[in-house]
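Participant: The structure is given below, and queries will be raised subsequently.
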């Protein structure tokens with residue numbers, strides 16, 4: 001188990017700043033991960049969390065043509081287990097090491113990546129966050145592997161060394177559309193994508209400008225991951241402002257698809 005009471009080492013920070021992401025194996029113990037896995041199963045069993053009218057819930061088509069729940073966003077306010085995860089001292093120490101100051105919880109989501117779930121095109125998260133008045137260096141995300149992640153089940157692919165610039169300035173018209181915020185192919189050609197093979201309990205820390213994508217889950221098992229984003233506390237607590245704007249985008253996205261009877265629970 002990685003001990004990170006004091007944050008990242010100088011060598012780890014150098015690798016993070018060079019590549020735009022950093023894989024940290026074994027941050028959470030097997031017992032901790034089992035508790036998180038049980039909580040994921042509990043949340044999946046709540047009918048409202050599977051209701052496509054819920055603004056917290058995102059559903060997507062599968063490779064077989066059906067519809068499944070793709071994510072819960074946010075998730076920490078639903079669960080004491082995930083509240084503990086996002087406040088975990090080990091993750092906060094990593095965030096403070098990278099940001100250079102104390103952090104605020106900005107965003108969290110649970111992605112189920114069930115069998116047949118499609119992936120996402122290469123994008124930079126900062127595209128959605130750039131209107132909040134925080135520089136890209138003031139935001140970082142941590143991926144916690146709840147299940148093992150690999151190329152077969154659609155693990156996240158990171159493009160090292162491309163996090164120094166924002167490569168997509170276009171306004172988003174559909175935040176969940178296949179072409180929204182996509183990093184141009186000519187930019188991705190400057191790097192070679194890396195798919196870290198993750199065991200449950202591993203984490204990957206990544207820059208808000210690090211392009212990343214994923215392939216479909218071609219296996220018979222889920223590839224659950226919790227994504228937690230922290231912001232530099234210098235800029236204040238931005239979580240509520242972000243989620244208010246996010247829900248408005250969700251409403252607009254669903255209204256365009258003909259849905260108006262949404263709720264948030």
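Residue numbers (my numbering): 1 to 265. Glycine included, each C-beta is placed from N, C-alpha and C at the ideal position.
Taking residue 235 and residue 138 to be in contact with their CB atoms under 8 Å, please state how far apart those CB atoms are, rounded to whole angstroms.
Facilitator: 6 Å
Participant: How big is the Cα-Cα spacing for residue 104 and residue 94?
Facilitator: 13 Å
Participant: Per DSSP, what are the beta-bridge partners of residue 104 in this structure?
Facilitator: 231
Participant: Quick check: the region 157 to 165 against the region 185 to 195, are there 3 or more CB pairs under 8 Å?
Facilitator: Contact between the region 157 to 165 and the region 185 to 195 is present: three or more C-beta pairs spanning the two stretches fall below 8 Å.
Participant: For residue 128, collect the residues of the same chain with a Cβ closer than 6 Å to its Cβ; drop the 5 residues on either side in sequence, then sort them by chain order.
Facilitator: So no residue of the chain qualifies.
Participant: Just tell me which of 207, 231, 182, 144 has its CA closest to the CA of residue 225.
Facilitator: Selected option, being the one with the closest Cα: 144.
Participant: So which of 262, 118, 205 has the shortest CA-CA distance to residue 17?
Facilitator: 205
Participant: Taking the alpha-carbon positions, what's the residue 214 to residue 26 distance?
Facilitator: 22 Å
Participant: Taking the DSSP output, what are the residues bridged to residue 67?
Facilitator: 61
Participant: Where does residue 229 land, buried or exposed, given buried means 16+ other C-beta within 10 angstroms?
Facilitator: buried
Participant: With DSSP as the reference, label residue 84 as helix, strand or coil.
Facilitator: Taken through DSSP and simplified to helix, strand or coil, residue 84 comes out as helix.
Participant: Taking C-beta to C-beta, are residue 116 and residue 185 nearer than 8 Å?
Facilitator: no
Participant: If you check the beta carbons only, do residue 124 and residue 208 fall under 8 Å apart?
Facilitator: yes
Participant: For residue 142, count neighbouring Cβ atoms within 10 angstroms of its own Cβ and tell me buried if that reaches 16, exposed if not.
Facilitator: In summary, residue 142 is buried, with 16 or more beta-carbon neighbours lying within 10 Å of its beta-carbon over all protein chains present.
Participant: Considering only the beta carbon of each residue, do residue 264 and residue 130 sit closer than 8 Å?
Facilitator: no
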